[in-house]
Each structure stands twice: as C-alpha cells, then as structure tokens.
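The numbering used here applies: residue 120 is where the sequence shown begins, and numbers increase by one. Idealized CB from N, CA, C, for every residue including glycine. As the structure is a computational prediction, the values presented were derived from the model and not from experiment.
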Amino acid sequence: MCLVAVGGGVIGLDLAARYKEQVNTLVAHEPPLHLLPEAEGRHGSIREIYRREGVASAMQKFMSQVGVNYGDLEPGVQLSDQRNRPVQNTLFLLEHELAMYDRYQLDFATLSKASNQTRIVIAAGQSGREYLGYRNAAAVAERLETTVVEFPSHHAGYITHPKAFAGRLRDVLGEE
C-alpha cells in the first residue's frame, strides 16, 4: 500500500511506525507535530479563538499559521465556494482533531526502524518555508535523518496548484 497523507500526516506516520509491513511508501505533507518550541499550544489558541469568535476567525488564524494563500492560483484553476471543508469536518477539526495533535507524541525510534522497510517522504510546500507547517516538517525530517521534499505552493498547494502538485507527487512516487 502507498499512503499519501496531507492533513493526516501524523496518522500516516503513526501507521507506518505500527504497521510498516503494510505501507511501502508514505508521503506525509507538513505533519503537525509539536517539535518546535513556538508550536506548543498553538492548536489550543486556535480552539480558544473558535470558542470566542467562531469558525471563520479560527480557520483564518489556522490558515495564517500554515501559510495558506488562496489568492495564489495555478493558471486555469478556479476555486469554487466548495473549496472550504464541509461544516461538520471543520467543526470536528476545531473541536477534536487539533487537540489530538497537541497531545500526540510520535515514537521516532520505532518510526526510524520502520523507515528501513517503509519509504517515508516528509513533504512541505515550497512557498511556506517561514511558516510553522514547513518548519515542523523540517524538524520531523531532521529527526528521521532525511530532508524535506518540496511540493508546489503552500500547505494547501494541492488545492491551489493541483496540476503542479500532482506532477510533483508523480515524480516523488516514481522515484521508488
């Protein structure tokens, strides 16, 4: 099985660590692990904004932290009003999923051993180098003694630059 995890980068890494025999390749795009001091509690602050100000303010804060820019589009791409997560998915993210990321501790020793059998690619959006998502990806890559593989655009480049993103993914997967 080949697993490409964007928002589920943490889940994919955990799966590769626990079930390495079932995953031959994992592309984990900007996994939100808290390996940097400035990352501590950031999801808690987004949840607080959600409770105080609502969904729109919380998602705006989240997008600014990971460098999402929906104004930067690949030629020919038009975003519809559907580009945002469905309401129930967004509520689940704010009420439950972000809390999971704040508590989760990846077993890097087990994951490093798994990387002998499972190809693990830590990916990040090239225009997001100064943002927390990219910097977290770089910290994960460093812990795994590998490098970040850059993809077009930012954290949500698969939405704003789908052709370029898919082309890069094909290149990365073709390297097997």
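Residue burial classification, residue i (beta-carbon count within 10 angstroms, cutoff 16)
{"i": "Val240", "result": "buried"}
{"i": "Tyr250", "result": "buried"}
{"i": "Glu140", "result": "exposed"}
{"i": "Ser246", "result": "buried"}
{"i": "Gly252", "result": "buried"}
Rounded C-alpha distance that separates residue i from residue j
{"i": "His273", "j": "Arg222", "result": "25 angstroms"}
{"i": "Ala243", "j": "Gly293", "result": "18 angstroms"}
{"i": "Asn188", "j": "His148", "result": "17 angstroms"}
{"i": "Thr344", "j": "Gly173", "result": "Missing from the structure shown is residue 344; the chain here goes from 120 to 295 and no further."}
{"i": "Arg137", "j": "Gln224", "result": "14 angstroms"}
{"i": "Leu122", "j": "Val142", "result": "For Leu122, the predicted structure reports a pLDDT of 49, less than 50, and the residue's modelled location is therefore unreliable. A value from the coordinates is still provided. Taking the straight line joining both Cα atoms gives about 7 angstroms."}
{"i": "Lys180", "j": "Pro156", "result": "18 angstroms"}
{"i": "His153", "j": "Arg262", "result": "12 angstroms"}
{"i": "Ser183", "j": "Ser176", "result": "11 angstroms"}
{"i": "His280", "j": "Leu192", "result": "6 angstroms"}
{"i": "Arg287", "j": "Leu210", "result": "31 angstroms"}
{"i": "Leu84", "j": "Asp133", "result": "Outside the modelled stretch of the chain, which goes from 120 to 295, sits residue 84, for which no answer is possible."}
{"i": "Phe284", "j": "Met178", "result": "23 angstroms"}
{"i": "Ala218", "j": "Asp290", "result": "34 angstroms"}
{"i": "Pro271", "j": "Ile278", "result": "11 angstroms"}
{"i": "Gly131", "j": "Ser231", "result": "14 angstroms"}
{"i": "Val267", "j": "Val196", "result": "26 angstroms"}
{"i": "Met120", "j": "Ser234", "result": "In this prediction, Met120 has a pLDDT of 49, which is less than 50 and means its spatial position is unreliable; nothing more can be read from the coordinates."}
{"i": "Arg254", "j": "Glu269", "result": "12 angstroms"}
{"i": "Gly128", "j": "Ala228", "result": "17 angstroms"}
Option nearest residue i by Cα separation, candidates the options
{"i": "Pro151", "options": "Arg287, Arg289 and Val259", "result": "Val259"}
{"i": "Tyr220", "options": "Ile165, Gly247 and Arg171", "result": "Ile165"}
{"i": "Glu264", "options": "Glu193, Ala256 and Phe270", "result": "Ala256"}
{"i": "Arg171", "options": "Leu134, Leu213, Ile130 and Arg254", "result": "Leu213"}
{"i": "Gly186", "options": "Arg248, Ser234, Asn235 and Lys282", "result": "Arg248"}
{"i": "Gly276", "options": "Gln207, Asn208 and Leu198", "result": "Leu198"}
{"i": "Tyr169", "options": "His215, Glu269, Val196 and Asn235", "result": "His215"}
{"i": "Lys282", "options": "Ala233, Pro194 and Asp226", "result": "Pro194"}
C-beta neighbour in chain D for residue i, strict 9 angstroms
{"i": "Tyr250", "result": "Protein chain content of the structure displayed is limited to a single chain, and chain D is not contained in it."}
Distance cut-off 8 angstroms: residue i Cβ against heavy atoms of the ligand SAH
{"i": "Leu225", "result": "The ligand SAH is not part of the structure shown, which contains no ligands of any sort."}
Opposing strand residues paired with residue i [DSSP bridges]
{"i": "Ala257", "result": "Answer is none; Ala257 lacks a bridge partner."}
{"i": "Val268", "result": "Ala242"}
>> Restricting to runs no shorter than 3 residues, where is the beta strand (DSSP E) found entirely within the region 147 to 183?
In response: none
> In chain order, which continuous runs of the alpha helix (DSSP H) of length 4 or greater are located wholly inside the region 215 to 242?
Replying inline: 217 to 222 and 227 to 233
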